[in-house]
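A.B. asks: The structure that follows is given in the form of structure tokens.
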Amino acid sequence: MSMATGPRAADGERPVFKPDDAVRISVRFPVGHYRVPAYVRGRHGTVEAVIEPRGIDNEEEAFGRNAGSKRHYYRIAIPLAELWSDYAGSPKDGLRIEVYETWLEGR
Amino acid sequence: MQPHGHEHPDIPEPEDKPPGYYEIMEIAVRELLIEKKLIGPDEIRRQIEVLDSRTPALGARVVARAWIDPAFRVRLLRNGRAACEELGISFYDDTQLIVLENTAAVHNLVVCTLCSCYPRPVLGLPPDWYKLKPYRARAVREPRAVLAEFGTFISDDVEVRVSDSTAMVRYLVLPQRPPGTEGMSEQQLADLVTRDAMIGVTTVRH
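Residue numbers (our numbering), protein chains in the order written: chain D, 838 to 944; chain S, 491 to 696.
Now the structure itself:
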């Protein structure tokens, strides 16, 4: 290995997504404790910000299991008109929601 | 019921009903934790005292400081938790805080659709309506209708931005400073700031 590559990051240490990335929230149906409400699953959004510091996986932690490596949460922006086809407010109106890295897919 | 001249027939006495499933579960877990010496009654009482010491007056201090101190406002918007800690407000629940600034172009509203996540370190316990399903469901479905029920009418050219709190981040709305408050002291400004304005269901009025 070249000495010039510098220190390597551990799993989950660096955010996978960056601001303005287009992402999709996964469609999964975990039983029990979950932190991604059903109404945003499968929806497309944009990364507004990477939330620091990293955190452990709340969903695993809730069962007392090894919550694994710390990863990032992201502040995701989704237009309300995209969530609700009959949305009656302004087309500018939007949702912001924090989503854990394991729930996000790139587009 | 204590006799004091009239009856309150609609208010049930708490001990009238047998405890429910979750109440029994909470008692059982608490007693087990005490029996196994993982926590003691003093620790439980101390935590309740911590919760009781947190009220919207703390959040109002944060807002008033941000209104009069531009450098503090910048730090607050960059890292809400660190800026609150500057004012001696600790984050005993290990959450982060994002402060959402209301402007002429954006009105922020906070909800927790899954349960009742709330910035307890700076606001104390959430109001009952915040924890109930009608608010939780409607805040993300028809926020303008919910705001109107609180007497808050947001013009269509202003973006309504709803933050759904689900995991480790809590949100505090930094309301707009009302006009006509230029000569007011920090304490007088703090007295104008209400809990509901820091959740985003109302604005601060003078």
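We put the CB at the ideal spot given by N, CA and C, even for glycine.
Keep in mind that this is a model prediction, so the values were computed, not measured.
Taking C-beta pairs closer than 7 Å, name the residues in chain S that D:Leu932 reaches, listed in chain order.
C.D. replies: Neighbours of D:Leu932 on chain S, chain order: Val630, Val652 and Asp654.
A.B. asks: For a quick check, are the C-beta atoms of S:Ser653 and S:Val600 less than 8 Å apart?
C.D. replies: Contact flag set, yes.
A.B. asks: Whole angstroms are fine: how far does the CA of S:Pro609 sit from the CA of S:Thr603?
C.D. replies: So the alpha carbons of these two residues sit roughly 15 Å apart.
A.B. asks: Identify, in the order they occur along the chain, each residue of the same chain with its Cβ nearer than 7 Å to the Cβ of D:Gly892, setting aside the five sequence neighbours on each side.
C.D. replies: These residues qualify, in order along the chain: Lys907 and Tyr910.
A.B. asks: Checking the sheet assignment: what are the DSSP bridge partners for D:Pro916?
C.D. replies: Paired residue(s): D:Gly931.
A.B. asks: Could you tell me the distance, in whole angstroms, from the CA atom of S:Asp532 to the CA atom of D:Ile913?
C.D. replies: If I take the Cα positions, the gap works out to 41 Å.
A.B. asks: From which residue to which residue does the beta strand (DSSP E) around D:Ala859 run?
C.D. replies: Where D:Ala859 is concerned, the enclosing beta strand (DSSP E) stretches over Ala859 to Ile862.
A.B. asks: Thinking just about the alpha-carbon of each residue, which of S:Gly530, S:Asn598 and S:Val630 is nearest to the one in S:Glu649?
C.D. replies: When only C-alpha atoms are compared, the closest one is S:Asn598.
A.B. asks: By the 7 Å beta-carbon criterion, what residues does the region 904-929 of chain D contribute toward chain S?
C.D. replies: Taking 7 Å as the Cβ-Cβ cut-off against chain S, the residues of the region 904-929 of chain D that qualify are Tyr910, Trp921, Ala925, Gly926, Ser927 and Lys929.
A.B. asks: Can you name the start and end residues of the alpha helix (DSSP H) that D:Glu898 belongs to?
C.D. replies: Asn895 to Glu898 is the extent of the alpha helix (DSSP H) around D:Glu898.
A.B. asks: Around the Cβ of D:Gly882, are there at least 16 other Cβ atoms within 10 angstroms (buried) or fewer (exposed)?
C.D. replies: Its Cβ being crowded by 16 or more others within 10 Å, D:Gly882 is buried.
A.B. asks: Shortest alpha-carbon distance to S:Pro668 belongs to which of S:Asn592, S:Ile689, S:Arg628 and S:Glu516?
C.D. replies: Of S:Asn592, S:Ile689, S:Arg628 and S:Glu516, the residue nearest in Cα terms is S:Asn592.
A.B. asks: Keeping to the same chain, check which residues put their C-beta closer than 7 Å to that of S:Ala556; ignore five residues upstream and five downstream.
C.D. replies: Excluding positions up to five away in sequence, the list reads Phe562, Arg563, Leu566 and Leu664.
A.B. asks: Could you tell me which of S:Met674, S:Val589 and S:Asp618 sits nearest to S:Ala572, measuring between CA atoms?
C.D. replies: For S:Ala572, the nearest C-alpha among the options comes from S:Val589.
A.B. asks: Is it buried or exposed for S:Ala629, if we count other Cβ within 10 angstroms and need 16 for buried?
C.D. replies: Buried: at least 16 other Cβ atoms inside 10 Å.
A.B. asks: Checking the sheet assignment: what are the DSSP bridge partners for S:His597?
C.D. replies: BP columns for S:His597 point to S:Val650.
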